[in-house]
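Residue numbers (the numbering used here), protein chains in the order written: chain F, 1 to 113; chain D, 1 to 112.
Dropping the structure here:
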């Protein structure tokens, strides 16, 4: 039962353009969502998060949008840089379930110079 | 600097042997987790522990065992009962009152 889904395994964009990574979830009890970035042979690092009471959170070039009615969130990277090339994981936390995160399958982003 | 350390980075074992992966954190985090990463399958939860001397199975616990004798340490043993042990293993920790994990750098286990 895949409660968090990233349906696009890969995405390729040109440097300077916008990257949009998508994530869908099925559990309406999720109250917090996070994005992690992962380079090969390294652990994921936290990128940005959003509470379910908000619909947008912005941090520099990164913006996360949450559409609760559609159970959909997206990560926008503007402008994209070659150093952004990595695997991006969407994660969700269920309300009342202290700590445990459920991760999506990941999307590999390639930013071409 | 505070952080979470996994060792070794690469590990090779013969089929049928048990192997233990180390995970140590000095962040004073209450909770610790073990995930496995396989191509196309994202991060799957093996075991997690929210307090010392207590742990729970995750989604794919079969063939694995853990212990949590100290707050700082959460070793994972991959037993011979695990059918497909070759994978990238990630340890993480968090404060249970906060969101998000701090991950270690991972251990690549290859069973030959």
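Using N, Cα and C, we set each Cβ at its ideal position, and we do this for glycine too.
Model, not experiment: these values are computed from the prediction.
For residue 78(D), report the span of its beta strand (DSSP E) as first-last.
76 to 78
Closer than 9 Å by beta-carbon distance: list the chain D residues that pair up with residue 42(F), in chain order.
103, 105, 106
Consult DSSP for residue 84(F) and reduce its assignment to one of helix, strand or coil.
helix
Bridge partners of residue 67(D), per DSSP?
DSSP lists no partner for residue 67(D).
Taking three-plus beta-carbon pairs below 8 Å as touching, is the region 33 to 43 of chain D in contact with the region 82 to 91 of chain D?
yes
Residue 58(F) lies in the beta strand (DSSP E); which residues open and close that run?
56 to 59
Which residues in chain D have a C-beta closer than 8 Å to the C-beta of residue 104(F)? List them in chain order.
42
Taking 7 Å as the cut-off, is the CB of residue 29(D) close to at least one heavy atom of the ligand PLP?
This structure lacks the ligand PLP, and indeed carries no ligand of any kind.
Look up residue 90(D) in the DSSP assignment and say whether it is helix, strand or coil.
strand
Distance between beta carbons of residue 95(F) and residue 31(F), contact taken as under 8 Å
4 Å
Tell me which residue opens and which closes the beta strand (DSSP E) that residue 31(D) is part of.
31 to 38
In the DSSP assignment, find the unbroken beta strand (DSSP E) run with residue 67(F) in it and report its ends.
62 to 67
Buried versus exposed call for residue 2(D) [16 or more other C-beta atoms within 10 Å across all chains shown]
exposed
Identify the continuous beta strand (DSSP E) that holds residue 42(D) and give its terminal residues.
42 to 51
Measuring CB to CB, does residue 27(D) end up less than 8 Å from residue 102(D)?
yes
Touching or not, the region 18 to 34 of chain F and the region 68 to 80 of chain F, by the rule of three or more beta carbon pairs under 8 Å?
yes
Check for me: the beta strand (DSSP E) holding residue 14(F) runs from which residue to which?
10 to 14
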